[in-house]
Amino acid sequence: MQVQNIYDSWRAANVFIGWQFFVVFNLHSKYIRLSNWTDLGSIGNDPSMQQPYNESTRIEDLLAERLVRYAELRPCTTAFIDTRTPGSAEKENFTIIGPGVTESPDQYVHIEIPHGFNIGGARQPPDCVNSQHSHETAEVFVVHSGRWVFCLGPNKEDGEVVLGPGDTISLPIHMFRGFKNIGNDVGFLFGVLGGDDPGHVTWAPNVFDNAKEYGLILLEDGSLVDTTKGETIPEGKRPMPPTTEADVARLKRLTAEDLADCVLPHDKLKPVRASGLPEVSEAPIIGTASPDEGLGEGQMTWSHGFHLRRITVAPDGVTKKHTRAEEEVILMYKGQLSIDIADGSVELGPGDVFTVPIGVPRRFANRGSELVEAYVVRGGDHPAAATIVD
Ligand SMILES: [Fe+2]
Numbered sequence: 008m009q010v011q012n013i014y015d016s017w018r019a020a021n022v023f024i025g026w027q028f029f030v031v032f033n034l035h036s037k038y039i040r041l042s043n044w045t046d047l048g049s050i051g052n053d054p055s056m057q058q059p060y061n062e063s064t065r066i067e068d069l070l071a072e073r074l075v076r077y078a079e080l081r082p083c084t085t086a087f088i089d090t091r092t093p094g095s096a097e098k099e100n101f102t103i104i105g106p107g108v109t110e111s112p113d114q115y116v117h118i119e120i121p122h123g124f125n126i127g128g129a130r131q132p133p134d135c136v137n138s139q140h141s142h143e144t145a146e147v148f149v150v151h152s153g154r155w156v157f158c159l160g161p162n163k164e165d166g167e168v169v170l171g172p173g174d175t176i177s178l179p180i181h182m183f184r185g186f187k188n189i190g191n192d193v194g195f196l197f198g199v200l201g202g203d204d205p206g207h208v209t210w211a212p213n214v215f216d217n218a219k220e221y222g223l224i225l226l227e228d229g230s231l232v233d234t235t236k237g238e239t240i241p242e243g244k245r246p247m248p249p250t251t252e253a254d255v256a257r258l259k260r261l262t263a264e265d266l267a268d269c270v271l272p273h274d275k276l277k278p279v280r281a282s283g284l285p286e287v288s289e290a291p292i293i294g295t296a297s298p299d300e301g302l303g304e305g306q307m308t309w310s311h312g313f314h315l316r317r318i319t320v321a322p323d324g325v326t327k328k329h330t331r332a333e334e335e336v337i338l339m340y341k342g343q344l345s346i347d348i349a350d351g352s353v354e355l356g357p358g359d360v361f362t363v364p365i366g367v368p369r370r371f372a373n374r375g376s377e378l379v380e381a382y383v384v385r386g387g388d389h390p391a392a393a394t395i396v397d
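So for the sequence shown, my numbering puts the first residue at 8; every next one is plus one.
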């Protein structure tokens, strides 16, 4: 509630969130410290922005527009300024919903429908590094596979945390973060960025230095010039000025206490049977409490522009047909989830992503023998109950 009051006050005053808030961050509770590091804007929840789905919508159209199979993900290996730097060259970047923050025109966007947030992914072999950078909107990772270390600070000096499968981390805006696969196998992370346009990445100073040695120049508009391909800086464009120490000094530094507030391990999830849909247990991760569903607040309650839960469905579990007033994006973790929707059904397996449109009736079912576990991103900061339609 405290976070919401801050958020509402901000909106009412229409005050630009800027560096002047830094002093405030260090004075109060985790909500005060972290709640101003928000992203705003959720046009994905505005029905007028949605695709025109209705009773005659066919499942073929939904699947073509809103399903991305893990096996069909299209990676980009040249998405960012550090992609030639040894140790980072083998990383694969995915933009599943929305444009993300890629710096490469070669990045393929699977689903362009505005949701008010972006869904992406990162796949990296052992020891592969994602360099230190900062974002203008919230950044959340759910570990699908592998063992990862997340490091904070411009030179990784502000602390680190190790995450494994099913763990979640939410990284506040305007602070340096990076991550590395420290497992023995290729690992995959689901990523969620706030807003329809998450803006550009701010790289730590040493990232610019390293990139220059390998022929990549980042421009002010966020795109890359690859001098090893004979590319030159286009007329009228200018290189991005490297991040300075003064820039670094303006960014937030997290403490160990802050970092603990930003992580929710898989074994700390607290599933609750949601009112109206008792066949589904929902564990809040990001978002405020939802009394209508009988669910408490998540570990992270500051504004992200979306909320996140882990849902489970036991074998033979079948929900009633229901709708939601928000976009609902399913990130599959384990098991096989059937969704009856429109004039058909779709079965989702680990790594698949399906986004269910606002207002379209859907029924979830586990017709397999293994527990279904999925992470669900829904629009807006405040969870609401589903509407039962049968
Ligand atoms: Fe990032």
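The beta carbon of each residue, even a glycine, is placed where N, CA and C say it ideally should be. Note that the structure is predicted; figures quoted are calculated from it, not measured.
Could you have a look at residue i and say whether DSSP puts it in helix, strand or coil?
{"i": "Ile-66", "result": "helix"}
{"i": "Leu-266", "result": "helix"}
{"i": "Phe-215", "result": "helix"}
{"i": "Glu-167", "result": "strand"}
{"i": "His-273", "result": "helix"}
{"i": "Ile-50", "result": "Residue confidence for Ile-50 is low, a pLDDT of 37 falling below 50, so the modelled location carries little weight; the figure read from the coordinates is stated next. The answer is helix: DSSP assigns Ile-50 an H, G or I state."}
{"i": "Lys-244", "result": "coil"}
{"i": "Leu-79", "result": "Per the sequence shown, residue 79 should be read as Glu rather than Leu. Three-state result, Glu-79: helix."}
{"i": "Val-208", "result": "coil"}
{"i": "Glu-72", "result": "helix"}
{"i": "Val-379", "result": "strand"}
{"i": "Val-116", "result": "strand"}
{"i": "Glu-354", "result": "strand"}
{"i": "Asp-254", "result": "helix"}
{"i": "Asp-347", "result": "strand"}
Look up residue i in the DSSP assignment and give the residues it is bridged to.
{"i": "Leu-284", "result": "Ala-281"}
{"i": "Val-384", "result": "Leu-315, Val-336"}
{"i": "His-329", "result": "Arg-369, Ile-395"}
{"i": "Glu-289", "result": "Val-279, Ile-318"}
{"i": "Ala-86", "result": "Ala-86 is not bridged to any residue."}
{"i": "Trp-309", "result": "Answer by DSSP bridge pairing: none, since Trp-309 is not bridged."}
{"i": "Arg-130", "result": "Glu-99, Phe-195"}
{"i": "Glu-304", "result": "Answer by DSSP bridge pairing: none, since Glu-304 is not bridged."}
{"i": "Val-147", "result": "Ser-177, Val-199"}
{"i": "Asn-125", "result": "Leu-200"}
{"i": "Asn-188", "result": "Trp-155"}
{"i": "His-140", "result": "Arg-184, Trp-210"}
{"i": "Thr-362", "result": "Val-336"}
{"i": "Leu-223", "result": "Asp-233"}
{"i": "Lys-341", "result": "Glu-380"}
{"i": "Ser-111", "result": "None, per the DSSP bridge assignment."}
Compute the beta-carbon to beta-carbon distance between residue i and residue j, rounded to the nearest angstrom, for a pair I have assumed lies under 8 Å.
{"i": "Pro-368", "j": "Thr-330", "result": "5 Å"}
{"i": "Gly-190", "j": "Cys-158", "result": "About 16 Å; that fails the 8 Å criterion."}
{"i": "Leu-178", "j": "Cys-269", "result": "6 Å"}
{"i": "Ile-120", "j": "Val-336", "result": "Between Val-336 and Ile-120 the Cβ distance is about 11 Å, and since that is not below 8 Å, they are no contact."}
{"i": "Gly-123", "j": "Asp-203", "result": "6 Å"}
{"i": "Gly-194", "j": "Arg-154", "result": "7 Å"}
{"i": "Gly-229", "j": "Ala-145", "result": "About 19 Å separates the two Cβ atoms, so there is no contact after all."}
{"i": "Thr-175", "j": "Leu-315", "result": "7 Å"}
{"i": "Asp-347", "j": "Ala-372", "result": "7 Å"}
{"i": "Arg-81", "j": "Tyr-115", "result": "4 Å"}
{"i": "Leu-69", "j": "Ala-349", "result": "6 Å"}
{"i": "Ala-96", "j": "Thr-90", "result": "6 Å"}
{"i": "Leu-226", "j": "Pro-246", "result": "6 Å"}
{"i": "Val-213", "j": "Gln-131", "result": "At residue 213 the sequence reads Asn, which differs from the Val that was named. Rounded, the Cβ-Cβ distance is 19 Å, inconsistent with contact."}
Going by CA-CA distance only, name the one from the options that's closest to residue i.
{"i": "Asp-165", "options": "Gly-375, Asp-274, Phe-183", "result": "Phe-183"}
{"i": "Asp-254", "options": "Gly-123, Gly-94, Ile-118, His-140", "result": "His-140"}
{"i": "Gly-301", "options": "Ser-310, Pro-278, Gly-312, Lys-244", "result": "Pro-278"}
{"i": "Thr-262", "options": "Asp-89, Gly-128, Lys-163, Pro-364", "result": "Lys-163"}
{"i": "Gly-283", "options": "Val-232, His-311, Ile-395", "result": "Ile-395"}
{"i": "Gly-358", "options": "Asn-213, Ile-126, Leu-226, Pro-212", "result": "Ile-126"}
{"i": "Glu-67", "options": "Lys-236, Trp-309, Gly-351", "result": "Gly-351"}
{"i": "Ser-376", "options": "His-389, Pro-322, Val-384, Lys-328", "result": "Pro-322"}
{"i": "Arg-385", "options": "Thr-295, Arg-370, Val-379", "result": "Thr-295"}
{"i": "Ala-381", "options": "Gly-160, Gly-171, Ile-118, Glu-289", "result": "Glu-289"}
{"i": "Gly-342", "options": "Gly-387, Ile-348, Glu-333, Leu-355", "result": "Leu-355"}
{"i": "Gly-173", "options": "Ser-63, Gly-243, Ile-180, Leu-276", "result": "Leu-276"}
{"i": "Ala-78", "options": "Ile-88, Cys-135, His-117, Ala-86", "result": "His-117"}
{"i": "Val-150", "options": "Ile-224, Asp-216, Ala-129", "result": "Ala-129"}
{"i": "Gly-366", "options": "Leu-378, Ala-393, Gly-303, Thr-234", "result": "Ala-393"}
{"i": "Val-168", "options": "Leu-223, Ala-267, Arg-81", "result": "Ala-267"}
{"i": "Pro-298", "options": "Thr-308, Pro-390, Ile-180, Trp-210", "result": "Pro-390"}
{"i": "Thr-250", "options": "Trp-309, Asp-216, Val-199", "result": "Asp-216"}
{"i": "Thr-239", "options": "Leu-223, Gly-107, His-311", "result": "Leu-223"}
{"i": "His-207", "options": "Asn-213, Ile-180, Asp-192, Glu-220", "result": "Ile-180"}
Using a Cβ-Cβ distance cut-off of 8 Å, determine whether residue i contacts chain C.
{"i": "Pro-357", "result": "Among the chains of the structure shown, chain C does not appear; only one protein chain is present."}
Any residue whose CB is nearer than 6 Å to a heavy atom belonging to ligand 1, listed in chain order: Chain order is used for the residues whose beta-carbon lies nearer than 6 Å to a heavy atom of ligand 1, namely His-140, His-142, Glu-146.
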